[in-house]
Amino acid sequence: MNKEQIKDDLKDIGGRLRRATGYSLKGLRAAFHNEQAFRLEVYALLVIIPAGLGLGDGRVEKSLLIGSWLIVMITELMNSAMEAVVDRIGSDEHELSGRAKDVASAAVMVALILTAIIWLLLIF
């Protein structure tokens, strides 16, 4: 990488960040409007943030309690993206399409189990 490449990369960093933020917010809005599970997770976050702040003993515990739920939400977003791609490919039943959706759903379940373990270990 030479100095010109670095200069070109840095020249439009503000515009790139604005565009990336716009795409991310568009994705969050789409997930909120189209995915019931994500909406429920957002509503739960409104309870989890104050609960995590109140129940956590110190910054690390508070971060783990709240962060574990954010991992659930991140995983749900990836699950929704996977489902959208599979649905876009076609509506025909196919073993691989079903497997992709099932595995993405399993990832959400594993994230939920992780969250439950963290909360149980830190609260009790």
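The opening position of the sequence shown corresponds to residue -17 in this note's numbering, with each subsequent residue numbered one higher.
For every residue, glycine included, the Cβ atom is placed at its ideal position computed from N, Cα and C.
Since this is a predicted model, take the numbers as computed values, not measurements.
Residue Leu22 holds the alpha-carbon nearest to the alpha-carbon of leucine 52 among Glu77, Gly36, Asp69, Leu22.
Asparagine 61 places its beta carbon less than 7 Å from that of alanine 86. Distance from the CA of isoleucine 48 to the CA of isoleucine 31, rounded to the nearest whole angstrom, comes to 6 Å.
By a beta-carbon distance limit of 8 Å, leucine 59 does not contact alanine 98. Their separation comes to about 20 Å. Residue environment analysis places serine 73 among the exposed positions, since fewer than 16 neighbouring C-beta atoms fall within 10 angstroms of its C-beta. Here DSSP, grouped into helix, strand and coil, assigns serine 79 to helix. Nearest C-alpha to valine 90 among Leu28, Val68, Ala19, Val24: Ala19.
For glutamate 23, the enclosing alpha helix (DSSP H) starts and ends at 18 to 37.
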